[in-house]
Amino acid sequence: MTPMQITFILIAAVTLVSAVMAVTARRMMHAALWLIATLMGVAMLFATLQASFFAVVQVMVYVGAIAILILFAIMLTRRSTLESDQASLGSGWIINALAAVGVFAALVTAVWAWPAAETVLTELPKDAEQLGLLGQIIADPNGFAVPFEVSSVLLVAVLVGAIYLAVERKPQRGGRQ
Amino acid sequence: MLRDWLYIGIFLLISLFLPAAAIIMAALLSPRKPNPQKNDTYECGVETVGESRVQFKVQYYVYGLIFLVFDVEAVFLYPWAVAYNQLALYAVVEAIIFILILLGGLAYAWRKKALEWQ
Amino acid sequence: MIDFLRDPIAFLTQWLNTTLLGWGLSEQAAQITGFAIGAFVAATGAMMFVTILIWAERKLIGRIQDRYGPNRVGPFGIFQSIADLVKIFIKEHIDPVGMDWLPFNLAPVLSVAAVLTMWVAIPFAATVYGVDFNVGLLYLVAVGGLGELAVIMAGWGSNNKYALLGAFRAVAMFISYEVPMVITLLIPVMLTGSLSMNDIVRQQDVWFIVVSPLAALIFFISQVAEVGRSPFDLTEAESELVSGFNVEYSGLKFGMFYVADFLHAFTISLLFSALFLGGWRGPGAEEIPILGFIYFAIKSSLVYFLVILMRGSLPRFRVDHMMDFNWKLLTPLSLVLVVLTALALKLMTGLSLWVQIPVLLVLNGLVFLMAQRMVTGFFRRRRPREVGDRSRPVAHYTPPQSDSEAQG
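Residue numbers (numbering that gives the first Met the number 0), protein chains in the order written: chain A, 0 to 176; chain B, 0 to 117; chain C, 0 to 407.
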């Protein structure tokens, strides 16, 4: 067992256990905190793959923005003040678990058939990750310039939709404080 | 690069461990005399009234959402900024269009009074 | 000895490695031990340094308020922080009723850890740095975001309405001010072409504050707001929210939040001087790292002094003013600044540096003046606010009724 394998198993175990706890936690706030642990675990997996930019962006966007948004949303719902006494697994959880295992088996088979999955993890030099290349491809008209602009339109659509839903209805409800 | 991440991981573990060790040491050194008045929730000196989890404003969620949109926008712009010195003028104009579309979104939010505190 | 002066970290690691290998450890274990010792020294040094920071702040605030700071305990009161440390160590840890154990106890630790891990990517001298990370700048932004999680966990774990409310207000402020910070950081990255802090420092033959002072100003303001210092300290407003999210904490857990606060304030001074003031650059800093370290220390101390000065002299912002200032002024201003700087720099490529920098300075000045005109014009043009929408009943003078009519 090389140290990389041990590290990977540890990080994967942390991620999976946090994911299971996030789904089965009794209180919503705990579920959100376990979700944050899962997202940090995914960031650590990116780090072991030496994709530094993606690890850092994962923490910055997912943990720094989306997790906080989820926490705000949890506080907005009234049900979060109630604690469910029974475990929140739901009645058909065996079927869901079987479906998850089936999806996992399909993904593993697909990845195993990919020839590049055989590469061994070696330590790359510092300049192996070329963000400049990514930037050039983003700006290149033959590259991804159109998806780049479309993504900004998508972001504005998200903004407009959420503002319409969140702000427009306030006068109708008589001013929720 | 793996060495760098290893160092960061060790640094993070140690910086989590040091304050925890200090707090545990302080917990061992300090007295422990809990009584109901001390452990009660603090509410400016009077007894707590009502449920402890309060309902709060939608405005927090709107701020979080606008922050998310601008954060993702910035994440798209960082590779462009790294490659800035090698890009031609049209690439700069593309990114400017990107930013202007998002400024339009901000202007919409401003008009719809989504940025007000109340 | 010259080797030690030129490259202290490599020298020490080599010495440590040879010693540990001589003791029979494998190479990887020796490396990990070296890392652990380095991290331990850096983290402990940072936390011990906080005592000096607290002392300096208290003396300075005292002088700003026309009084001596602490001056009883030791010469110039330098042992005051140690006395406070001893006192806070032995205070009782009170656990509030109904608290959530893990978030409540994890929050102060995470708060300090989020600030300490920032120190790994900051270059202190030409060869003294933790990690020469190729995405160092974004790493610093991301780790700063972890501190906001600690605030929410503190507010939630306390089982206290006011703590929760204070925590959410604080986090709303933090995430709002992160937007102009992240956007203005694009400008040093554009000027350097790399996200690595070392590269940014090395590229500053001309300090970036000269090239783009408005970006430096916006970055500085948003960083001061991120820390939660006055004039942005609504999280600690004693008259408003009774000390905010850390109201239920006592003893060293409370102390840890303050350690995190002061350390974060110093870390942003380090960041600002590394990004905009040239970091460790100065005459002779390339060959002798100690000189670079001294330059860096002087620059960040000046910035920290400025932060303390802001705290001591400016009144606290009202929360809606603060949000308006961010979303309606700083964010559009930073976006416009990035657009104009990108355009100007690209149109001027190939021209000599003596042409580019004055043009950029003039650009910054124009944008600043335009923003100022718009803000003051906005206030002058604003209609006086009406008090109410409905027509209020106006008091009329009614002559007093005679007694016969009142009885009938």
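Note that CB positions come from ideal geometry on N, CA and C, so glycine has one too.
Quiz item: Is there a Cβ from chain C that is less than 8 Å from the Cβ of G174 of chain A?
Solution: Note that G174 of chain A has pLDDT 45, beneath the 50 cutoff, so the model's placement of it is unreliable and the number below is only indicative. No, because no Cβ of chain C sits closer than 8 Å to the Cβ of G174 of chain A.
Practice problem: Using the Cα positions of I13 of chain B and E147 of chain C, report the straight-line distance between them to the nearest angstrom. | Solution: 20 Å
Quiz prompt | Cβ-Cβ distance between L301 of chain C and V210 of chain C below 8 Å | solution = no
Practice problem: Would you mind sorting E26 of chain C into buried or exposed? The rule is 16 or more other CB atoms within 10 Å of its CB. | Solution: exposed
Exercise. Measuring only between beta-carbons, confirm whether P102 of chain C sits less than 8 Å from chain A.
Key: yes
Quiz item: What number of angstroms, rounded off, separates the C-alpha of L17 of chain B from the C-alpha of T76 of chain A?
Solution: 37 Å
Quiz item: Counting Cβ pairs closer than 8 Å, one from the stretch 72 to 87 of chain C and one from the stretch 97 to 113 of chain C, do we hit at least three?
Solution: no
Exercise. Determine whether the Cβ of W22 of chain C lies closer than 8 Å to any Cβ atom of chain A.
Key: no
Quiz item: In terms of alpha-carbon separation, which member of A:V41, A:T23, A:M3, A:F45 lies closest to S90 of chain A?
Solution: A:T23
Practice problem: Note down the Cα distance separating L20 of chain C from A29 of chain C, rounded to an integer number of angstroms. | Solution: 7 Å
Practice problem: Identify, in the order they occur along the chain, each residue of the same chain with its Cβ nearer than 6 Å to the Cβ of M117 of chain C, setting aside the five sequence neighbours on each side. | Solution: L139, V142, T266
Practice problem: Could you tell me how far apart the beta carbons of I121 of chain C and L269 of chain C are, in whole angstroms, since I believe they sit closer than 8 Å? | Solution: 5 Å
Self-check item: Host alpha helix (DSSP H) of I199 of chain C (start-end)
Solution: 196 to 201
Quiz item: From G283 of chain C to R201 of chain C, what does the alpha carbon distance come to, in whole angstroms?
Solution: 13 Å
Exercise. Using a cut-off of 8 Å between C-beta atoms, extract the partners of V354 of chain C located in chain B.
Key: Going along chain B, no residue has its Cβ under 8 Å from V354 of chain C, so there is no contact; the nearest lies around 17 Å.
Quiz item: Do we get a CB-CB distance below 8 Å when we pair M59 of chain A with the residues of chain B?
Solution: yes
Practice problem: Assess, as a yes-or-no matter, whether the stretch 96 to 104 of chain C is touched by the stretch 151 to 168 of chain C under the definition of 3 or more beta carbon pairs within less than 8 Å. | Solution: yes
Quiz item: What in chain B is Cβ-close to V157 of chain A, meaning under 7 Å?
Solution: V68
Quiz item: Distance, Cα to Cα, A166 of chain C vs M3 of chain A?
Solution: 39 Å
Quiz item: What in chain C is Cβ-close to G63 of chain B, meaning under 8 Å?
Solution: A171, I174
Quiz prompt | First through last residue of the alpha helix (DSSP H) which encompasses L137 of chain C | solution = 135 to 156
Self-check item: Neighbouring residues, chain A, relative to Y107 of chain B (Cβ below 9 Å)
Solution: V155, L158, V159, I162
Quiz item: Residue ranges of each alpha helix (DSSP H) run of no fewer than 4 residues wholly in the stretch 17 to 72 of chain C, ordered along the chain?
Solution: 26 to 63
Practice problem: Tell me whether Y61 of chain A is buried or exposed, calling it buried when 16 or more other Cβ atoms sit within 10 Å of its Cβ. | Solution: buried
Quiz prompt | DSSP three-state assignment for T76 of chain A, whether helix, strand or coil | solution = coil
Quiz item: What in chain A is Cβ-close to V134 of chain C, meaning under 9 Å?
Solution: S51, F52, A54, V55, V56, E128, L130
Quiz item: K112 of chain B CB to nearest chain C CB: under 8 Å?
Solution: no
Practice problem: Using a Cβ-Cβ cut-off of 8 Å, state whether F10 of chain B counts as contacting chain C. | Solution: yes
Quiz item: For the stretch 24 to 44 of chain A, which residues have a CB atom closer than 7 Å to at least one CB atom of chain C, in sequence order?
Solution: M28, L32, I35
Quiz item: Are any of the Cβ atoms in chain A nearer than 8 Å to that of A94 of chain B?
Solution: yes
Quiz item: Could you give the distance in angstroms between the alpha-carbon of W33 of chain A and the alpha-carbon of A18 of chain A?
Solution: 7 Å
Quiz item: Are at least three pairs of beta-carbons, each pair with one atom in the stretch 123 to 132 of chain C and one in the stretch 69 to 88 of chain B, less than 8 Å apart?
Solution: no
Quiz item: Can you tell me whether K345 of chain C is buried or exposed, with buried defined as 16 or more other CB within 10 angstroms of its CB?
Solution: buried
Practice problem: Enumerate, from N- to C-terminal direction, the unbroken alpha helix (DSSP H) stretches of 4 or more residues contained entirely within the stretch 14 to 52 of chain A. | Solution: 27 to 47
Quiz item: Residues in its own chain within less than 7 Å of L158 of chain A by CB, not counting five upstream and five downstream?
Solution: none
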